[in-house]
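Participant: Take a look at this one; I'll ask things after.
In my numbering, the protein residues as written are 11 to 111.
Put into structure tokens, the structure is as follows:
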């Protein structure tokens, strides 16, 4: 079974409401993990390395969040092209903002 098939099977089993609530929970857990890592690193640099304890927790929470986003994307019938166009537009807009700083 591919990742996409697994995502669809799980999403179909639970449905939109429970999975959208789970997405909110996973986003909150990712927020907590990032904030904890940031607060614990007094010597924080612009590009943190991976030798600190919170790195694995951040990866776990990122994976959980992505899985839930993919399920909601599937349940809402959002196409890759549609989402990619919006993502690219937002990225382009931010690049323009950076150029103007």
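Every residue, glycine too, gets a C-beta built ideally from N, C-alpha and C.
Pick out whichever of 83, 37 and 71 has its Cα sitting closest to the Cα of residue 22.
Facilitator: Position 12 of the chain shown, counted from the start, is the residue given in the question as residue 22. For residue 22, the nearest C-alpha among the options comes from 83.
Participant: Which word fits residue 104, buried or exposed, when buried means at least 16 other C-beta atoms lie within 10 angstroms of its C-beta?
Facilitator: The residue labelled residue 104 in the question sits at position 94 within the chain shown. Residue 104 is exposed by the Cβ-count criterion.
Participant: What do you reckon, are the CB atoms on residue 43 and residue 68 nearer than 8 Å?
Facilitator: Along the chain shown, one-based indexing puts residue 43 at 33. Along the chain shown, one-based indexing puts residue 68 at 58. For residue 43 and residue 68, yes; Cβs fall inside 8 Å.
Participant: Tell me which same chain residues have a C-beta within less than 8 Å of the C-beta of residue 17, skipping the five on either side of it?
Facilitator: Translated into the one-based positions of the chain shown, residue 17 becomes position 7. For residue 17, where only same-chain residues beyond five positions count, the Cβ hits under 8 Å are 77, 80, 81 and 84.
Participant: Can you tell me whether residue 40 is buried or exposed, with buried defined as 16 or more other CB within 10 angstroms of its CB?
Facilitator: Residue 40 sits at position 30 when you count from the first residue of the chain shown. Label assigned to residue 40: buried.
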